[in-house]
Structure formats: C-alpha cells, structure tokens
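Below: the structure, in structure tokens.
Laid out in structure tokens, this is it:
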C-alpha cells in the first residue's frame with residue numbers, strides 16, 4: 005500500500021524544501037516504502053486531513069494519520085519492524101531525540117538566517133505574503149535584516165558543528181557504519197539550506213560536507229533529485 | 005571476579021574527580037560489577053599496567069586491560085551482555101559517540117574554565133607543579149587568568165546546554181525512561197565540576213540540574229559518596 009506524504013512546497017511543486025519533510029522522506033525511503041506525495045503550500049497546511057496538523061510533514065498510511073517527523077519515524081519503526089531499522093534499538097530511539105534537539109537548536113537558527121530571503125522568494129504570491137508577515141512577526145525584523153547577519157555568523161555556525169565533525173572521525177554516519185534516522189534529522193536541516201539558497205554554508209573539504217554528500221547519495225540519490233539552489 | 009579501576013585522585017584519595025573516570029565508575033555500577041579502585045595521581049598514570057595508557061580510566065578485568073572510558077563501556081557491554089545494557093542497541097552505541105563529542109566540546113571547556121584553579125588546589129605538591137606547568141602550556145596563560153573568564157562565560161555555558169535541556173522535556177534521561185552510558189558521559193563532566201569547585205554552574209531550577217540530581221541518586225547514590233566541593 006502506498007503511503008501519502010504531505011510535503012511543503014513553494015511555487016515549484018518539484019522542489020520540496022522543508023527540513024522536517026525531508027526527514028520523513030528519507031525515513032520512508034529507508035524503510036523501502038512506496039509513497040505518493042501531496043505538495044502542500046503553507047496556507048494549505050491547516051486544511052489537510054480535516055485540520056489534523058498545523059505543520060507538515062503529515063502522512064496517511066491506510067486509516068492511520070501521523071503528524072510530526074519524529075513521530076512519523078517512530079510510527080514507521082513500529083508499523084514496519086521487518087524493514088531496516090530507523091533507530092537501531094531503544095537506545096538509539098532515545099538518543100535520536102537529543103540529536104533532534106541539537107539540530108533544531110544549532111543548525112536551524114543559522115539556516116534560517118542564511119536562507120530566509122531565498123525561502124521567501126520560493127513562495128507563490130499569496131504564500132509569500134504569509135511567509136513575510138509571520139516570519140517578520142517572529143523575528144521582530146524585516147527578512148532582509150535577518151539575512152544581513154549571515155556573513156557575520158558563518159564562522160560561528162561552522163564551529164557549532166564541531167561535535168558532528170569530531171564524531172565523523174570515529175564513524176561515517178551518526179548511526180554508525182550506516183545511516184539511521186538521526187542522520188536524516190541533521191540531513192534535513194542541511195538539505196533545506198541546499199534547496200533554498202546558493203549561499204555556501206560549508207566548505208567542500210569539511211567532513212560535515214562530505215557526510216552530507218554521502219547522505220545525498222543514499223536511496224538511489226534521493227536527495228539529489230532536487231537540484232541545489234543556484 | 006572484581007574489576008580493578010585505576011582512577012584519578014589528588015591529595016585526598018577519597019575524592020576521585022576525573023570526568024572520564026566517573027563515566028567508567030557509573031558504567032561499572034550500571035552493570036552491577038564489583039570493583040576495587042586504585043587511586044592514581046597524574047604523575048603515576050604512565051606507570052600503571054606497565055605503561056598501558058597515558059590517561060585514566062584504565063580497568064583490569066582478569067587478564068584484560070582496557071583503556072579509555074568509551075572503550076571501557078563498549079568492552080563491558082560485550083563482556084557482560086546479560087547485565088543491564090549500557091547502550092540499548094547498536095544505534096545507541098553509535099549515537100553515544102555523538103553525545104560524547106558534544107559533551108567534550110561543549111561542557112568540558114567551560115568546566116575547565118570554571119574549575120582550573122580548584123583542580124590545581126586538589127593536587128599534592130608534586131602533582132600541583134605538573135598540573136600548573138602542563139595546563140599553562142596548553143592554555144598559554146596562567147591558571148588564574150583562565151578562571152578569570154568564568155563569570156563572563158557562565159550565561160553562554162548555560163545556553164549551550166539547551167539541546168540537553170530541551171530534550172529533557174521529552175524524557176527523563178538521555179537514554180529515555182532510564183539512564184544509559186550517554187547519561188554517564190554528560191554526568192561525568194558535571195560531576196567533575198561538582199567535586200572540584202563550589203562555583204555554581206547551574207541554577208537549581210534548571211532541568212539539567214534536576215537531571216543531574218537524578219543521576220547522583222542512581223546506583224545507591226553512588227555519585228553522592230563524594231561530597232560537593234565547599
């Protein structure tokens with residue numbers, strides 16, 4: 005049976021950009037599950053599945069609707085135990101939560117800083133109005149003023165990835181010798197940046213960039229099916 | 005059979021202070037293993053087990069000598085599979101490495117800043133000379149000048165724990181509903197501070213402080229057997 009994935013898009017339906025939706029996309033591919041996607045714009049999210057969620061991703065698997073990328077991964081692990089594991093056991097399930105919080109609090113703020121104007125430019129007219137209003141209210145500044153800080157913050161951002169970079173001296177993936185959902189959590193954040201903005205967050209020689217490239221190669225190069233922003 | 009743990013002490017043998025030794029102590033207790041300890045001062049480390057290691061912890065389990073706290077945990081998990089797990093599976097084993105790198109790069113530098121002079125004061129005369137020389141060479145400054153920065157860095161340190169703090173909104177331990185070695189990794193860093201310095205790193209109301217208190221209660225209050233520095 006095909007799983008329906010509601011994923012966030014802008015004007016171009018072929019360029020899903022949400023970090024959280026990418027986490028779900030990679031988790032579904034990791035489980036080898038067939039999916040169909042429902043491209044969803046910001047303003048369409050409240051209507052999906054009868055108002056099930058304020059955010060995407062949302063999946064429908066038969067009668068079951070699951071919201072939130074982490075809960076989707078937990079659901080898939082439980083519903084499809086015979087497919088490749090997303091967590092590698094209960095310890096991995098618990099520690100993936102730490103990694104999710106680390107990614108959300110370390111990588112997401114800087115990607116927002118770097119890509120906010122580009123993310124705005126990806127939306128259609130109506131969603132661009134929503135995006136600007138909601139984000140300028142959240143940040144208390146114009147989008148352009150938020151992004152003006154990205155050059156000044158770049159070095160600190162790269163330094164903030166040092167735990168991941170250092171870990172990659174021990175093993176090729178956060179999941180060890182092969183990727184787990186924890187990899188897709190961090191991948192999602194950097195894929196969001198890759199698709200939204202040509203701004204270079206990482207030097208090519210960075211071990212984190214090399215890990216990210218390995219993640220782009222996974223599942224038949226799934227992450228590369230959307231070209232990097234140019 | 006009793007496992008021998010070489011652990012770092014200063015003048016007072018009853019106050020082992022090393023973060024890495026505390027990781028091993030908690031891991032051994034988690035596995036319910038009997039231990040005897042060999043209190044070891046900095047300058048005695050190169051001589052233990054015929055020069056097996058430049059650092060402690062080192063354990064001897066029968067014929068087997070294992071060095072490095074993470075490798076000790078991996079060894080115990082493999083050697084004592086019927087005892088409570090330290091990792092909760094292969095995923096947890098891999099992700100604990102990320103948490104170890106995060107702790108080492110986030111918590112350790114600030115604890116060093118906060119406690120360096122107090123750590124010096126804990127050593128006997130000969131080891132105090134070694135400690136001052138080696139640390140002042142490493143930092144390129146006098147110990148007292150390093151510690152002078154601790155008030156200025158305190159707020160940023162507390163903020164840097166936000167991934168852990170945020171995760172504790174989901175679950176009581178890094179390991180989930182109960183502690184795993186990943187908890188002991190971070191515990192070790194804060195226990196090092198607790199034993200070395202009266203300087204207050206965390207507010208009592210902080211969720212991280214409350215998690216740390218839960219860790220102090222584990223294994224019969226093992227962590228509390230050494231009183232906090234006063």
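Protein chains in written order, with our numbering: chain A, 5 to 234; chain B, 5 to 234. We put the beta carbon where it would ideally sit given N, CA and C, even for glycine.
Item, Value
"Cβ-based contacts, 8 Å cut-off: residues of the segment 83-100 of chain A near chain B", "89, 91, 92, 93, 94, 95, 96, 97, 98, 99, 100"
"Any non-hydrogen atom of the ligand FMN within 8 Å of residue 118 (chain A) CB", "The ligand FMN is absent from the structure shown, which contains no ligand whatsoever."
"Opening and closing residue of the alpha helix (DSSP H) in which residue 79 (chain A) lies", "73-83"
"Cβ shell of residue 260 (chain A) (< 6 Å), same chain only, five flanking positions each side left out", "No statement about residue 260 (chain A) is possible, as the shown extent of chain A runs from 5 to 234 and does not include it."
"Minimum C-alpha distance to residue 167 (chain A) - residue among B:165, B:88, B:105", "B:105"
"CA nearest to the CA of residue 5 (chain B), picked from B:146, B:38, B:229", "B:38"
"Contact belief for residue 201 (chain B) with residue 118 (chain B) at Cβ below 8 Å, rounded distance in angstroms", "6 Å"
"Contact set between the segment 178-201 of chain A and chain B, restricted to residues whose Cβ is under 7 Å from the partner", "178, 179, 180, 184, 186"
"Where the segment 50-77 of chain B meets chain A: residues whose CB sits under 7 Å from a CB there", "none"
"Alpha-carbon to alpha-carbon, residue 112 (chain B) and residue 190 (chain B)", "9 Å"
"Segment limits, beta strand (DSSP E) that includes residue 201 (chain B)", "Counting along the chain, residue 201 (chain B) falls outside any beta strand (DSSP E), and DSSP gives it neither H nor E."
"Buried versus exposed, by CB contacts within 10 Å (16 or more), residue 4 (chain B)", "Chain B is shown from 5 up to 234; residue 4 (chain B) falls before or after that span and cannot be answered."
"Proximity test, Cβ basis, 9 Å: residue 216 (chain B) and chain A", "no"
"Residue burial classification, residue 97 (chain B) (beta-carbon count within 10 angstroms, cutoff 16)", "buried"
"C-alpha gap between residue 18 (chain A) and residue 77 (chain A), whole angstroms", "23 Å"
"Chain-order list of residues whose beta-carbon lies under 8 Å from that of residue 140 (chain A) (same chain, five-residue window excluded)", "146, 147"
"Beta-carbon gap between residue 4 (chain A) and residue 165 (chain A) smaller than 9 Å", "No statement about residue 4 (chain A) is possible, as the shown extent of chain A runs from 5 to 234 and does not include it."
"Under 7 Å by beta carbon: chain A residues contacting residue 103 (chain B)", "99, 102"
"DSSP bridge partner residues for residue 48 (chain B) (one or two, in chain order)", "Bridge partners of residue 48 (chain B): none, in fact."
"Residue 35 (chain A) - DSSP class collapsed to helix/strand/coil", "coil"
"Host beta strand (DSSP E) of residue 65 (chain B) (start-end)", "62-65"
"C-beta neighbour in chain B for residue 206 (chain A), strict 9 Å", "no"
"Same chain, Cβ closer than 6 Å to residue 172 (chain A), five either side skipped, listed in chain order", "211, 215"
"Residue closest to residue 32 (chain A), alpha-carbon to alpha-carbon, out of A:85, A:234, A:197", "A:85"
"Sequence-distant residues of its chain with Cβ nearer than 8 Å to residue 44 (chain B) (five each side left out)", "10, 11, 12, 13, 52, 60"
"Any C-beta of chain B under 9 Å from that of residue 80 (chain A)", "no"
"Closer than 9 Å to chain B by CB, residue 222 (chain A)", "no"
"CB contact below 9 Å: residue 167 (chain B) versus chain A", "yes"
"Rounded Cβ spacing between residue 23 (chain A) and residue 157 (chain A) (contact assumed at less than 8 Å)", "Residue 23 (chain A) to residue 157 (chain A), Cβ: 18 Å. No contact."
"Backbone CA spacing between residue 89 (chain A) and residue 174 (chain B) [nearest angstrom]", "22 Å"
"Continuous alpha helix (DSSP H) assignments of at least 4 residues falling wholly in the segment 144-212 of chain B", "147-151, 154-164, 166-171, 185-200"
"Between the CA atoms of residue 178 (chain A) and residue 149 (chain A) - distance to the nearest angstrom", "34 Å"
"Closest Cα partner of residue 49 (chain B) within the set B:71, B:205, B:223", "B:71"
"With 16 other Cβ atoms within 10 Å as the buried cut-off, status of residue 92 (chain B)", "buried"
"Interface flag, residue 116 (chain A) vs chain B, CB-CB below 9 Å", "no"
"CB of residue 26 (chain A) within 9 Å of CB of residue 188 (chain A), strictly", "yes"
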